Every structure is written in structure tokens, then in C-alpha cells.
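Okay, so here's the structure we're looking at.
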Amino acid sequence: MDKVEKTIFEFSSKGAGTYKTVERDLSAFEKRIPASLRRADLDFPEVSEPEVLRHYFRLSRKNFSVDEGFYPLGSCTMKYNPKINERLASNPAFTDVHPLMPVEKVQGCLEIMNELSEYLCEIVGMDSCTLSPVAGSHGEFTGLKIIKEYHKKMGNDHKDVIILPDSAHGTNPASASMCGFKVVEVPSDKDGGIDLERLKELVDDNVAGFMVTNPSTLGLYDKNIQEIAKVFHEKDALLYYDGANLNAIMGKVKPGDMGFDIVHLNLHKTFSTPHGGGGPGAGPVGVKKRLHSFLPGPLVEKKGEKYVFADEPVHTIGRLHSFYGNFLILVRAYIYIRMLGEKGLRKTSERAVLNANYMMNKLKKVLKLDYDRTCMHEFVLSAKALKKETGVSAMDIAKRLLDFGYHAPTMYFPLIVEEALMIEPTETETKESIDDFCKAIEKIVEESRKDPEILHNAPINTPVRRVDDVQAARKPRTNHYLDCRSDV
Ligand SMILES: *Cc1c(COP(=O)(O)O)cnc(C)c1O
Numbered sequence: 001m002d003k004v005e006k007t008i009f010e011f012s013s014k015g016a017g018t019y020k021t022v023e024r025d026l027s028a029f030e031k032r033i034p035a036s037l038r039r040a041d042l043d044f045p046e047v048s049e050p051e052v053l054r055h056y057f058r059l060s061r062k063n064f065s066v067d068e069g070f071y072p073l074g075s076c077t078m079k080y081n082p083k084i085n086e087r088l089a090s091n092p093a094f095t096d097v098h099p100l101m102p103v104e105k106v107q108g109c110l111e112i113m114n115e116l117s118e119y120l121c122e123i124v125g126m127d128s129c130t131l132s133p134v135a136g137s138h139g140e141f142t143g144l145k146i147i148k149e150y151h152k153k154m155g156n157d158h159k160d161v162i163i164l165p166d167s168a169h170g171t172n173p174a175s176a177s178m179c180g181f182k183v184v185e186v187p188s189d190k191d192g193g194i195d196l197e198r199l200k201e202l203v204d205d206n207v208a209g210f211m212v213t214n215p216s217t218l219g220l221y222d223k224n225i226q227e228i229a230k231v232f233h234e235k236d237a238l239l240y241y242d243g244a245n246l247n248a249i250m251g252k253v254k255p256g257d258m259g260f261d262i263v264h265l266n267l268h269k270t271f272s273t274p275h276g277g278g279g280p281g282a283g284p285v286g287v288k289k290r291l292h293s294f295l296p297g298p299l300v301e302k303k304g305e306k307y308v309f310a311d312e313p314v315h316t317i318g319r320l321h322s323f324y325g326n327f328l329i330l331v332r333a334y335i336y337i338r339m340l341g342e343k344g345l346r347k348t349s350e351r352a353v354l355n356a357n358y359m360m361n362k363l364k365k366v367l368k369l370d371y372d373r374t375c376m377h378e379f380v381l382s383a384k385a386l387k388k389e390t391g392v393s394a395m396d397i398a399k400r401l402l403d404f405g406y407h408a409p410t411m412y413f414p415l416i417v418e419e420a421l422m423i424e425p426t427e428t429e430t431k432e433s434i435d436d437f438c439k440a441i442e443k444i445v446e447e448s449r450k451d452p453e454i455l456h457n458a459p460i461n462t463p464v465r466r467v468d469d470v471q472a473a474r475k476p477r478t479n480h481y482l483d484c485r486s487d488v
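Reminder that position 201 of the sequence shown reads as 201 in UniProt numbering, one-by-one numbering, no gaps.
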């Protein structure tokens, strides 16, 4: 059985704790809080400082992170988080401000928000931008609400269809449905691009918009994008660019020039802010001028020498988040952009694409590549043939990689590739670390032919062995301590 880490409560022993909180007179509070909500005592663990420290330090070493090793999670862009971001974002000038402070006192913060908006608009070719959405999917929701309100205002309430490709990220159809749209899928053609002929048949007057990422989730750039944009604009439909991963095109080509009207960006992917464990993230949304009046507030603007909050845009879809989104994440992205500058951002894209192609060309010799074209920042391998030959699946390969000290690639996505392993090295990996990873994959494929049982049982070196994915999704045990206590 897997060893389960003791909780801090379990190795508590009476009197071990060296700290005592100061006794306070709480009678005034007690009167205000109903007795049913009060507890006579609180079950605090009693542990010494070294024990607490060792406990959390040990736990921290069980977490995999980009600071520990290569994290080739395709589509999620787990790039290195520069430490200067952390250092500067923890400056009290940023951490000790309150969202309700008068604007005169937080001019620097507003300046950062204003400049970051301008930089992001410049990068994606949009005219204005909201920083308040706190995830990529939150940005999608924002953009689709804008599409909805735009058509309503134009008297086109009947426009209720969003078209998206069969390679779309799962959040795309989910966001469209949440905004009340019907979702229609357009198939990919044999080269992994959008099937243009099929698309033309699908686009009619009921179509409100098109939602796509280019390069696609196959890591392939669709050269027909401007023609595709024309098909939609002719029917007065809007184009939404899912810019979660801008790592291949930053400084190279702008979604605005491809014909897009709305773009969201994941600062926690492309712009190096920490990512994982559920947040906090940031998914700013940029729009073309004609959609500015639909943006959610608050928007910062410069009046003379002073930064202020602008009036709410006249057709605003309403607020999406309390106050200003995840401000400290915005600060990190701002620092990243300022550190790299225009040239640095372009180089980042070039290097990300170079790394991915280098790796793809090594690995296509050991696993199958369904769409064998120059890729952008990521590529998708298939273990279908290997599974047929040896019984070893993409899941087995991914689990075995954990034994080699790597995070697994994205698996079984996009859905149009069977037994998919989607790999994204990012620009921050060196040739040596990429070579080592490729060697691990080669070794695993070798093992699959010699001793497939090892792979079915992997991982064998991790504190927790293979988890039951179905149970984990249906009946998650998120708190070992509470689960173990019979009285809760
Ligand atoms: C990650 C991702 C999203 C969703 O972003 P979240 O911040 O996880 O909500 C959307 N689209 C694509 C292509 C992505 O890679």
C-alpha cells in the first residue's frame, strides 16, 4: 500500500509546542457571535518548530515543479518563472496597498496596469484590454459575453452559434455553452488545418462567432487564417482568438492582423507567471476598437499626468471580478515583458519553436507523428502503433516518465489524435535537458518491447503509485485528516 503522509495533527503531542498565544478578553466578541457558531476549544496541533518545518519541507519535496525539473505539459506552457518577478512583486509597495486606497496613493500601481494593457494590446494587435479576468477560461467567458452583447446591440439576437474546430481546448465549448451559445464543430483537414470547404458550408447568418487558436492545439499554424476571417466577417460574425499559448508567435505575428476581433491571453502560460495548483492566474482580454464599449471595468486611463479609473464603458458586460483581478500576477507579467523587451519576446518565440522542432524530429523516430509538418511551440505524438504492438499506452508512458523524474506530457488531447502525448518544451529548456528527456522516452519505448509489465505498473519510485483516476474524479479525498476522523 502507498505510504500516506502523516498530517500535522497526527504527530502532535501535548506540550510539544513552544508558543502560546496571548490570552485576550474576547467577551465583547462572544456576545456578538451566536453560541451555535462558537467552540469551547480548538484542536490545534502541538508541535515544535523543527517538526513543523521538517513536515512542510518534506511535503514540498513531494511536489513536482518547474524549479525541480522539466515539465513538458503541452498547451499549458509550464515555463520557468524568473525569480526577479517574485522578488519585485513581493515589494511592500505592491503587497501593502489596499484596493480601496485613493488613486493618488497608488499611482505606480495604476501606471503598471495602464502600461501592461498597452503592451499586451501591442503584442496581440488589439486596441484596448481588460486585466480583470483571472484565468484563460474566465477570459473566454468575458470575450463570448462581449460577442453576445455586441450582436444584441446590433439587433441580431438570432445569432446564437459559435463555431470551433475539433481540436479546440475543452474550455472553449464549455465557455460558449455557459454564455448560452450553441456549439458547432468544424473538422480538421488531413494536414491538421481547418477544413475550409466544410467551414464555408457551416457559416450562415445564425453564426455569432468563431473561436480558435492559431497555431492550433496540434501545434500547427493555419495559413488560411485570413481567408477564414473573411468568411466570418462577411456574415457579420466575430473572431475570437484563444491566446492562452502565445509562445510561438509573440513578436512575430499578431492575431489582430490575422483578422481577429477579440483575444484572451494566459499570463500564467506565455508571460511566465506561476501556474499550477489552481491559480492564481490572469486572463486579460483585448478587443478591437468597435468592441471597446463592451469591456468590463475597471479600466485605467491617463488624464494629463495622472492615472485614474475610467468611466465604465457604455455597453459594458459588467464586472467579472472584485476590484482589479490578480494584481500581483499582473505585476509579474509586466516585469517579464519589461525585462525582455520587444527583441527578447521575439527571441523567446523563436527559441520555443526551435526547441519544439528539434525535439519533435528526435522523437518522431520512436513514436508516431500523425501530422508530420514543421510545428510551432508544441507537437503531438501518438502511441497508437506502439499500443497495438506492445500493449503499452500513452498513459503507461506518461506514468513511467514520473519514475525518470519528469512531469508527464499532456495526454489524450487533442481528441483527434489517438493515444496522444502532447509535448511542449518551451524556450527555457536547454539542449541538454531536451536530449535527456528524449533519451528517457527512447528508453521507455525500448522497455515496452522488452518488459511491458514495468510500464503497466509505473510509477514505481513515487510516494503515491498509480492513482485511480475515476475515483479521484468522482470521490476525491482532498483532506486526509478529515477523512480519517470518524466524528466528521
Ligand atoms: C490553458 C488553456 C485554456 C484555459 O486556461 P485556464 O487558465 O486554465 O482557464 C484555454 N485554451 C487553451 C488553448 C489553453 O491551453
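Each residue gets a CB set at the ideal place from its N, CA and C atoms; glycine is no exception.
Since the model is a prediction, treat every value here as computed from it, not as a measurement.
For residue i, the first and last residue of its enclosing beta strand (DSSP E)
i, result
"Glu-305", "Unbroken run through Glu-305: none, as it is neither H nor E."
"Lys-182", "182-186"
"Leu-265", "262-265"
"Pro-173", "From DSSP, Pro-173 is part of no beta strand (DSSP E) but of the alpha helix (DSSP H) over 171-178."
"Gly-286", "285-287"
Three-way DSSP call (helix, strand, coil) for residue i in this model
i, result
"Asp-257", "helix"
"Met-211", "strand"
"Gly-341", "helix"
"Gly-17", "coil"
"Ala-458", "coil"
"Asp-205", "coil"
"Asp-469", "helix"
"Asp-487", "Because the pLDDT at Asp-487 is just 45, under 50, the model does not fix this residue reliably, and the value given afterwards should be weighed accordingly. Residue state, collapsed to three classes: coil."
"Pro-92", "helix"
"Ile-163", "strand"
"Ile-8", "coil"
"residue 494", "Only positions 1 to 488 of the chain appear in this structure, which leaves residue 494 out of reach."
"Lys-475", "coil"
"Met-1", "Any reading at Met-1 is ruled out, since the residue's pLDDT is 39, under 50, leaving its predicted position unreliable."
"Val-231", "helix"
"Leu-239", "strand"
"Leu-246", "coil"
"Val-300", "strand"
"Ile-317", "coil"
"Leu-196", "helix"
Check whether residue i and residue j have beta carbons under 8 Å apart
i, j, result
"Ala-208", "Ile-262", "no"
"Val-287", "Leu-295", "yes"
"Ser-12", "Pro-45", "yes"
"Phe-181", "Val-161", "yes"
"residue 493", "Gly-283", "Limits of the chain in this structure are 1 at one end and 488 at the other, which puts residue 493 out of reach."
"Pro-280", "Val-134", "yes"
"Thr-273", "Asn-247", "no"
"Val-380", "Met-422", "yes"
"Phe-404", "Ala-440", "yes"
"Ile-84", "Met-339", "yes"
"Phe-94", "Leu-328", "yes"
"Asp-166", "Ile-335", "no"
"Phe-437", "Phe-70", "yes"
"Ala-383", "Ile-397", "yes"
"His-292", "Ala-244", "no"
"Val-285", "Gly-155", "no"
"His-315", "Lys-153", "yes"
"Leu-369", "Met-360", "yes"
"Glu-227", "Leu-196", "yes"
"Gly-193", "Asn-224", "yes"
"Lys-200", "Ile-317", "no"
"Val-203", "Ala-237", "yes"
Residue i - containing alpha helix (DSSP H), residue span
i, result
"Tyr-150", "136-153"
"Tyr-56", "49-60"
"Cys-22", "For the sequence presented, residue 22 should be read as Val rather than Cys. Here Val-22 belongs to no alpha helix (DSSP H), and DSSP marks it neither H nor E."
"Val-66", "Neither: Val-66 is in no alpha helix (DSSP H) and is coded neither H nor E."
"Lys-31", "27-32"
heavy atom of ligand 2 below 7 Å from residue i C-beta
i, result
"Glu-49", "In the structure shown, ligand 2 is absent; the only ligands present are ligand 1."
Point to revise | Runs of beta strand (DSSP E) lying entirely within the segment 96-133, each at least 3 residues, in chain order | key: 128-130
Point to revise | Runs of beta strand (DSSP E) lying entirely within the segment 358-435, each at least 3 residues, in chain order | key: 379-382, 420-423
Review point. Whose beta carbon lies closer than 7 Å to any heavy atom of ligand 1, going through the chain in order?
Key: Ser-75, Cys-76, Ala-135, Gly-136, Ser-137, His-138, Glu-140, His-169, Thr-171, Asn-172, Thr-213, Thr-217, Asp-242, Ala-244, Asn-245, Asn-266, His-268, Lys-269, Gly-281, Gly-283
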